[in-house]
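Asks:
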Amino acid sequence: MRIIHTATAYYPSVGGAQLHWYTIGRMLGERGHGMTVFSQWTDQRNRYLLDSTLRAPWGDDAYEVGGIRVQRVQPTLAARCWMALVVPWCVPFPEAGYPLLSRWFERRWAARCGEADVVHNIRIGREHLTWASLGLARRRGCPFFVTPNYSPRMQTRLGRVLMRHFFRVLRRSDGVFVFTRAEGEEMERLGVGRERICRIGVGPLLASDWDADGFRAAHGIRRKMVLFLGQKLGYKGFDVLLAAAPKVWAREPETSFVFMGPHYDDSRERIAALGDGRVVDIGRVDAMDPLKASALAAADVFALPSRQEGIGGVYIEAWAMGKPVIGCRIPFLTIEDGVDGYLVEQDSEALAGRLIELLGDPEKARAMGERGREKVAREYAWEGIVTRVEDFYEEVRRRQGLGGVGGEGRR
Numbered sequence: 076m077r078i079i080h081t082a083t084a085y086y087p088s089v090g091g092a093q094l095h096w097y098t099i100g101r102m103l104g105e106r107g108h109g110m111t112v113f114s115q116w117t118d119q120r121n122r123y124l125l126d127s128t129l130r131a132p133w134g135d136d137a138y139e140v141g142g143i144r145v146q147r148v149q150p151t152l153a154a155r156c157w158m159a160l161v162v163p164w165c166v167p168f169p170e171a172g173y174p175l176l177s178r179w180f181e182r183r184w185a186a187r188c189g190e191a192d193v194v195h196n197i198r199i200g201r202e203h204l205t206w207a208s209l210g211l212a213r214r215r216g217c218p219f220f221v222t223p224n225y226s227p228r229m230q231t232r233l234g235r236v237l238m239r240h241f242f243r244v245l246r247r248s249d250g251v252f253v254f255t256r257a258e259g260e261e262m263e264r265l266g267v268g269r270e271r272i273c274r275i276g277v278g279p280l281l282a283s284d285w286d287a288d289g290f291r292a293a294h295g296i297r298r299k300m301v302l303f304l305g306q307k308l309g310y311k312g313f314d315v316l317l318a319a320a321p322k323v324w325a326r327e328p329e330t331s332f333v334f335m336g337p338h339y340d341d342s343r344e345r346i347a348a349l350g351d352g353r354v355v356d357i358g359r360v361d362a363m364d365p366l367k368a369s370a371l372a373a374a375d376v377f378a379l380p381s382r383q384e385g386i387g388g389v390y391i392e393a394w395a396m397g398k399p400v401i402g403c404r405i406p407f408l409t410i411e412d413g414v415d416g417y418l419v420e421q422d423s424e425a426l427a428g429r430l431i432e433l434l435g436d437p438e439k440a441r442a443m444g445e446r447g448r449e450k451v452a453r454e455y456a457w458e459g460i461v462t463r464v465e466d467f468y469e470e471v472r473r474r475q476g477l478g479g480v481g482g483e484g485r486r
């Protein structure tokens, strides 16, 4: 198949969605499919509407990664001039603002791509690129797929108002990829037919070699270790884990807290402000860097108290290394509370309590981690995930009378 993926950010930009779909795209390419990506960022940004329009990088370019051709299409100076008048209206009046942005990107993409068998948008941020992807698919006469990366915030009353225009494009799609059963049920409540939903899960992204002892020695890790792995954003809860650290030290003083991932805003200064040698701050690491796998192998407990996650791929990576996990009590997470980890409110007291419990009971921690490892082997193998994506693309094409167009390496 000639497959087009679209996303605001793409690898080497770090984030769960970027890494997940880069891995799938690379493996689809290895199976003989032609992969093209339209994107904008390779760095770390989180002001999605502004950073994809008025504050987007300057100048179009292209690069190849993992056998995938990535084209970065950015607004011109002239486009930014009229976008400056449109952008302020996009959030309160999405039906008026976003179509203007979407049509601009759709036309630019169409001028840069040939025929396509599939157009698939991975939503990261606001929805104008999703609508642009729908328009491109209709131009090319092929099915349109979307991965909504649905978050708990969208379920709130305010979220349903602000995201109403995005929910419309979900209902117009030919296929929606979700990560969990709960997310699929939410898509049905939003009006997406069950036959148009495909649950795929997330696989672990880990190097094949690691050195837990070497990591502990290099970073001065004490007897026990808690690991945070993710973007250092407020909603991810890095500050909640920081606040929990002194409470944990009152009971488990020989515990190191490792924060690994890209910095945003004043996150570096906030971590440094704790002023304790038991806190280790490591910046951005590549998905397949042995340093990441070594940190997971060295940890006693993995904690990411995030209030917005789809499935939470990093929890799956921690399980793959046999570690118990702690996440927030939010929809869609795959954590079974009390079985392979714990769910808590995004609160430092609650988080500290569960950390103290697991650090103080290594046998319980090991048992939870082992149950997580078994779950990963059973449900989250990459070959199975890619096959589900591939099969769903072809199923929808057949349903539309377009026929199967499997890649040369179809398995």
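Using this note's numbering, the letters of the sequence shown map in sequence onto residues 76 to 486.
In this text, a Cβ means the ideal position worked out from N, Cα and C, and glycines have one as well.
Owing to the predicted nature of the structure, the values given are computational and were not obtained by experimental measurement.
1) Less than 8 Å between the beta carbons of Phe220 and Val244, yes or no?
2) Run through the segment 268–326 for me and flag every whole beta strand (DSSP E) of 3 or more residues, listed as ranges in chain order.
3) Would you call the segment 321–328 in contact with the segment 389–397, where contact means no fewer than 3 C-beta pairs closer than 8 Å?
4) Pop quiz: Pro399 and Val376 are said to be a contact at Cβ under 8 Å. What is the actual Cβ separation, rounded to whole angstroms?
5) Are the CB atoms of Pro335 and Phe290 nearer to each other than 8 Å?
6) Which two residues bound the contiguous alpha helix (DSSP H) that contains Gly234?
7) Less than 7 Å between C-beta atoms, sequence neighbours within five positions excluded: which residues of the same chain meet that for His240?
8) Just reading off the beta strand (DSSP E) that Gln146 is part of, what are its end residues?
9) Given Leu433, which residues of its chain have a CB within under 6 Å of its CB, disregarding the five upstream and five downstream residues?
10) Per DSSP, Phe467 forms a beta bridge with which residues?
11) Please say whether Phe113 and Gln149 have beta carbons closer to each other than 8 Å?
12) When you compare only the Cα positions, how much space is there between Glu411 and Ser423?
13) Roughly how many whole angstroms lie between the Cα atoms of Asp415 and Arg446?
14) Ends of the beta strand (DSSP E) at Arg77?
15) With H, G and I counted as helix, E and B as strand and the rest as coil, what does DSSP make of Ser331?
16) Hey, quick one: how far does the alpha helix (DSSP H) through Tyr390 stretch, first residue to last?
17) DSSP beta-bridge partners for Leu124?
18) Using the beta-carbon count (16 or more within 10 Å), is Val333 buried or exposed?
19) Using the Cα positions of Arg382 and Gly358, report the straight-line distance between them to the nearest angstrom.
20) Rank Gln230, Arg213 and Cys217 by C-alpha distance to the C-alpha of Gly471 and give the top, closest one.
21) On the criterion of 16 or more Cβ atoms from any shown chain inside 10 Å, does Gln421 qualify as buried, or is it exposed?
22) What do you reckon, is the C-beta of Met102 under 7 Å from a heavy atom of the ligand HEM?
23) Quick one: Cα of Asp436 to Cα of Arg429, how far?
24) Buried or exposed: where does Thr98 fall if 16 or more other Cβ atoms within 10 Å of its Cβ makes it buried?
25) Ala191 and Ile79: beta carbons closer than 8 Å?
26) By a C-beta neighbour count over all protein chains shown, 10 Å radius and 16 as the cutoff for buried, is Val236 buried or exposed?
Replies: So, from the listed chains and residues:
1) No, the pair does not count as a contact, with Cβ atoms beyond the cut-off.
2) Runs of the beta strand (DSSP E) lying entirely within the segment 268–326, each at least 3 residues long, are 272–274 and 299–304 in chain order.
3) Contact between the segment 321–328 and the segment 389–397 is absent, because fewer than three Cβ pairs lie under 8 Å.
4) About 6 Å separates the CB atoms of Pro399 and Val376; that is less than 8 Å, so the two are in contact.
5) Looking at the sequence shown, residue 335 is not Pro but Met. No, the pair does not count as a contact, with Cβ atoms beyond the cut-off.
6) Element bounds for Gly234: Arg232 to Leu237.
7) For His240, where only same-chain residues beyond five positions count, the Cβ hits under 7 Å are Pro169, Glu170, Tyr173 and Glu202.
8) The continuous beta strand (DSSP E) containing Gln146 extends over residues Ile143 to Arg147.
9) These residues qualify, in order along the chain: Val376, Pro399 and Ala440.
10) DSSP links Phe467 through a beta bridge to no other residue.
11) Phe113 is positioned such that its CB atom lies no closer than 8 Å to that of Gln149.
12) Cα to Cα, the separation comes out at about 21 Å.
13) For Asp415 and Arg446, the distance between alpha carbons rounds to 6 Å.
14) Element bounds for Arg77: Arg77 to Ala82.
15) Ser331 falls in the strand class under three-state DSSP.
16) Start and end: Gly388 to Ala395.
17) Its beta-bridge partners do not exist; DSSP assigns none.
18) Label assigned to Val333: buried.
19) Rounded to the nearest whole angstrom, the C-alpha separation of Arg382 and Gly358 is 21 Å.
20) In the sequence on display, residue 471 carries Val and not Gly. Nearest in C-alpha terms to Val471, of all of Gln230, Arg213 and Cys217, is Cys217.
21) Counting Cβ neighbours within 10 Å, Gln421 comes out buried, since at least 16 surround it.
22) Absence of the ligand HEM is noted for the structure shown, with no ligands found whatsoever.
23) For Asp436 and Arg429, the distance between alpha carbons rounds to 11 Å.
24) Its Cβ being crowded by 16 or more others within 10 Å, Thr98 is buried.
25) A contact, by the Cβ cut-off of 8 Å.
26) With fewer than 16 neighbouring CB atoms inside 10 Å of its own CB, Val236 falls in the exposed class.
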